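Novice:
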Amino acid sequence: MATYYSLKKRKNPNLLSLIIPCYNEEKVIPFLKESIREILPKIPSKVELILVNDGSSDHTVEELIRWADEDKRIKIINFARNFGHQIAVTAGMDYANGDAIVIMDADLQDPPEVILEMLSKYREGYDVVYGQREERAGETFFKKVSAWAFYRLMKILVHKDLPLDSGDFRLISRNCLDSLKEMRENHRFLRGMGAWVGYPQTPVIYKRAPRAAGETKYPLRKMLRLAVNAAVSFSPLPLRLSLSFGIFIAIVGFIVGITSVVKAWMHYSGLYPELVYNPGWATIVTLLCIIGGAILIAIGILGEYIARIFEEVKGRPLYVVESKINFDSKAKKGSK
Ligand code: UDP
Ligand code: MG
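Mapping the sequence shown onto full-length UniProt numbering, position 176 (from 1) lands on 176, and the numbers just tick up by one.
(1) Where does LEU130 fall in DSSP's three states?
(2) Taking GLN86 as part of the beta strand (DSSP E), name the residues at either end of that continuous run.
(3) Taking VAL228 as the reference, which of ALA307, LEU7 and ASN175 has the closest Cα?
(4) Between the C-alpha atoms of PRO238 and HIS85, what's the straight-line distance to the nearest angstrom?
(5) Give the residues whose C-beta lies closer than 5 Å to at least one heavy atom of the ligand MG, in chain order.
(6) Taking 7 Å as the line, does the beta carbon of GLU26 fall inside it for any heavy atom of the ligand UDP?
(7) Check ASP178 in the structure and name its three-state DSSP category.
(8) Taking the beta carbon of GLY303 as the centre, do at least 16 other beta carbons fall within 10 Å, making it buried, or is it exposed?
(9) Using the DSSP secondary-structure output, state which residues sit across from PRO21 in a beta bridge.
(10) Does the beta-carbon of ASN82, which I'm using as the reference point, lie nearer than 7 Å to any heavy atom of the ligand UDP?
(11) Is it buried or exposed, ARG188, if we count other Cβ atoms within 10 angstroms and call 16 or more buried?
(12) Check whether the Cβ of HIS85 sits closer than 7 Å to any heavy atom of the ligand UDP, and report yes or no.
(13) For ASN78, list the residues DSSP reports as bridge partners.
(14) Strictly by DSSP, which residues pair up with THR202?
(15) Return the chain-ordered ranges of every alpha helix (DSSP H) run that is complete within the stretch 220-249 and spans a minimum of 4 residues.
(16) Run the CB neighbour count on LEU153, radius 10 Å, all protein chains shown included, and call it buried at 16 or more, exposed below.
(17) Would the C-beta of THR90 count as close to the ligand UDP, meaning under 7 Å from any of its heavy atoms?
(18) Specify, as a first and last residue, the run of the alpha helix (DSSP H) that GLY192 falls within.
(19) Who does LYS263 pair with in a DSSP beta bridge?
(20) Under 8 Å by Cβ, that's how I've got PHE31 and ALA147 pegged, so tell me the actual separation to the nearest angstrom.
(21) Suppose contacts are defined by Cβ-Cβ distances below 8 Å. Is PRO200 in contact with TYR122 by that definition?
(22) Less than 8 Å separating the beta-carbons of residue 351 and ILE50?
(23) CB-CB under 6 Å to SER335, same chain, minus the five flanking residues each way: which ones, in chain order?
(24) Going straight from the alpha carbon of ILE251 to that of TYR268, what length do you get?
(25) Start and end of the beta strand (DSSP E) containing ALA100?
(26) Do THR140 and the ligand UDP come close, with the Cβ less than 7 Å from some heavy atom?
(27) Quick check: what's the CA-CA separation for GLU38 versus ALA100?
(28) Does at least one heavy atom of the ligand UDP sit under 7 Å from the Cβ of LYS8?
(29) Run the CB neighbour count on MET183, radius 10 Å, all protein chains shown included, and call it buried at 16 or more, exposed below.
(30) Less than 8 Å separating the beta-carbons of PHE79 and GLU312?
(31) Between ASP107 and ARG211, which are expected to be in contact by the criterion C-beta below 8 Å, what is the C-beta distance as a whole number of angstroms?
(32) Following the continuous alpha helix (DSSP H) through SER35, name the residue where it begins and the one where it ends.
(33) Taking the alpha-carbon positions, what's the VAL197 to PRO13 distance?
(34) Using a threshold of 7 Å, is the CB atom of LYS217 nearer than that to any non-hydrogen atom of the ligand UDP?
(35) What separation, rounded to the nearest whole angstrom, lies between the Cα atoms of SER233 and LYS9?
Set out below in structure tokens:
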């Protein structure tokens, strides 16, 4: 890990914004409420909670509105549909007024007590304090293995400074947040963006708790989409790999072609009549399949990049807010 010589001690943030994306979390909200009620008096700053309802189809909104009625520190951003976790967090970042923010999941897998440790690192001068998972309690073997592979692969593809085994649970200072807010790409991988902007970063180690209630909103399909986003939005490596693979296949094809011509010539010219010239049906079919496959893969990878260019060129806002609760009218507008 890098050593930072420019760290300057500072005070607790005046206002801390907790950003919590919620997608079909009606079962979790009561636990979240309880746990936030316990932690708030321990946080040495004023706190606002920004809960982003990411187009839930259950009673999450009703639960959130009831909570916001009881406590004016609870602010709600209600999306017009489901835009996905990374975008929900982005909206929270856009609307946060704090001198620092903390991003956490609604399901209490990120224990709120860790915020206190994050704040102590903030006071030491770090701009990003990310939670690094020590252990994954209550998760399936498959989830553990896929997460392990995901983080290693992402480090190669996204950024060398991408911390291992850490999710989006992190504290970010206002400085760093303002830099992140300038990045308006559609396909977002916030952790990679965090590594890209730099700033002094440090981990706090924590035990990832099991989900408080309900089930995961990140099925394999969404995890894969995030992985593809991360890889393709950050790195030209897939394109380069497909180019190298293409070159490799072309060289193999060239060698096979030359040898068969030479063999045929030796056979028919009578130079080596005993050389059995095999018409090589199998070779042709195999090569055809490999080459056809390689071309399709390469086109597919190209397509992924072009699709992203297409999305970015349209310049649409990242999300659509249907309603907001407990924000004063001066609150900034979210998208671009
Ligand atoms: N989430 C969201 N939109 C989505 C999927 C998930 O806002 O489309 C939220 C979800 O409500 C939770 C957080 O993102 O607060 C993390 O999701 P989850 O706990 O299901 O993921 P896991 O911890 O299983 O990876
Ligand atoms: Mg979770």
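Cβ atoms here follow ideal geometry from the backbone N, Cα and C, with glycine treated the same way.
Remember, it's a predicted structure, so these values are computed and weren't measured experimentally.
Specialist: Looking at the coordinates:
(1) Mapped onto the sequence shown, residue 130 falls at position 130. The residue you asked about is not Leu; residue 130 is Tyr in the sequence shown. Here TYR130 sits in strand by DSSP.
(2) The residue given as residue 86 occupies position 86 in the sequence shown. GLN86 -> not in any beta strand (DSSP E); alpha helix (DSSP H) instead, spanning 85-95.
(3) Taking the sequence shown and counting its residues from 1, one reaches residue 228 at position 228. Minimum Cα distance to VAL228 is reached at ALA307.
(4) Residue mapping note: residue 238 aligns to position 238 of the sequence shown, counting from 1. Residue mapping note: residue 85 aligns to position 85 of the sequence shown, counting from 1. If I take the Cα positions, the gap works out to 25 Å.
(5) ASP105, ASP107 and GLN109
(6) Residue numbering aside, residue 26 sits at position 26 when the sequence shown is read from its first letter. Relative to the ligand UDP, GLU26 has its C-beta separated by 7 Å or more from all heavy atoms.
(7) For the purposes of this step, residue 178 is taken as the residue at position 178 of the sequence shown. In the three-state reduction of the DSSP assignment, ASP178 falls in the helix class.
(8) The residue given as residue 303 occupies position 303 in the sequence shown. Exposed, since its Cβ has fewer than 16 Cβ neighbours within 10 Å.
(9) The residue given as residue 21 occupies position 21 in the sequence shown. The secondary-structure analysis by DSSP pairs PRO21 across a beta bridge with VAL52.
(10) As a first step, residue 82 must be located in the sequence shown, where it is residue number 82. Yes, the ligand UDP has a heavy atom inside 7 Å of this Cβ.
(11) By 1-based counting over the sequence shown, the position of residue 188 is 188. Flag for ARG188 reads buried.
(12) Locating residue 85 in the sequence shown gives position 85, counting from the first residue. Within the cutoff, so yes.
(13) As a working mapping, residue 78 is identified with position 78 in the sequence shown. Answer is ASN53 and SER323.
(14) Working through the sequence shown from its first residue, we reach residue 202 at position 202. Paired residue(s): VAL129.
(15) 220-234
(16) Sequence index remark: in the sequence shown, residue 153 carries index 153 (1-based). Burial is judged here by how many other beta carbons sit within 10 angstroms of a residue's own beta carbon; LEU153 has fewer than 16 and is exposed.
(17) Against the sequence shown, residue 90 aligns to sequence position 90. Not so, every heavy atom of the ligand UDP lies at least 7 Å from the Cβ.
(18) In the sequence shown, the residue the question calls residue 192 occupies position 192. 190-197 is the span of the alpha helix (DSSP H), which, as asked, contains GLY192.
(19) In the sequence shown, the residue the question calls residue 263 occupies position 263. Per DSSP, none; premise fails for LYS263.
(20) Walking along the sequence shown from the start, residue 31 turns up at place 31. Walking along the sequence shown from the start, residue 147 turns up at place 147. Not really, about 23 Å apart at Cβ, beyond 8 Å.
(21) As a position in the sequence shown, residue 200 is number 200, starting the count at 1. As a position in the sequence shown, residue 122 is number 122, starting the count at 1. Cβ atoms of PRO200 and TYR122: not closer than 8 Å.
(22) Residue 351 lies beyond the range of the chain shown here (1 to 336); nothing can be said about it.
(23) Here residue 335 is taken as the residue at index 335 of the sequence shown, counted from 1. A caution first: SER335 carries a pLDDT of 44, below 50, which makes its placement in the model too unreliable to give a value.
(24) Within the sequence shown, the letter at position 251 stands for residue 251. Within the sequence shown, the letter at position 268 stands for residue 268. Straight-line Cα distance between these residues: approximately 26 Å.
(25) Indexing the sequence shown from 1 puts residue 100 at position 100. Run containing ALA100: 100-103, per the beta strand (DSSP E) assignment.
(26) Numbered from its first residue, the sequence shown carries residue 140 at position 140. Not one heavy atom of the ligand UDP is found less than 7 Å from the C-beta of THR140.
(27) Within the sequence shown, residue 38 is the residue found at index 38, counting from 1. Within the sequence shown, residue 100 is the residue found at index 100, counting from 1. Distance between the alpha carbons of GLU38 and ALA100 is about 20 Å.
(28) Indexing the sequence shown from 1 puts residue 8 at position 8. Because no heavy atom of the ligand UDP lies under 7 Å away, the Cβ of LYS8 does not count as near it: no.
(29) Numbered from 1 along the sequence shown, position 183 holds the residue referred to as residue 183. So MET183 counts as exposed.
(30) Stepping through the sequence shown from its first residue, residue 79 is reached at position 79. Stepping through the sequence shown from its first residue, residue 312 is reached at position 312. In this structure, GLU312 does not lie closer than 8 Å to PHE79 by Cβ.
(31) Position 107 of the sequence shown, counted from the start, is the residue given in the question as residue 107. Position 211 of the sequence shown, counted from the start, is the residue given in the question as residue 211. A Cβ-Cβ separation of about 5 Å places ASP107 in contact with ARG211 under the 8 Å criterion.
(32) Counting from one through the sequence shown, the residue named residue 35 turns up at place 35. First-last of the alpha helix (DSSP H) with SER35: 29-39.
(33) As a working note, residue 197 is residue 197 in the sequence shown. As a working note, residue 13 is residue 13 in the sequence shown. Cα to Cα, the separation comes out at about 21 Å.
(34) Residue 217 sits at position 217 when you count from the first residue of the sequence shown. Yes; taking the cut-off as 7 Å, the Cβ of LYS217 has a heavy atom of the ligand UDP nearer than that.
(35) Residue numbering aside, residue 233 sits at position 233 when the sequence shown is read from its first letter. Residue numbering aside, residue 9 sits at position 9 when the sequence shown is read from its first letter. If you take the alpha carbons of SER233 and LYS9, they lie about 35 Å apart.
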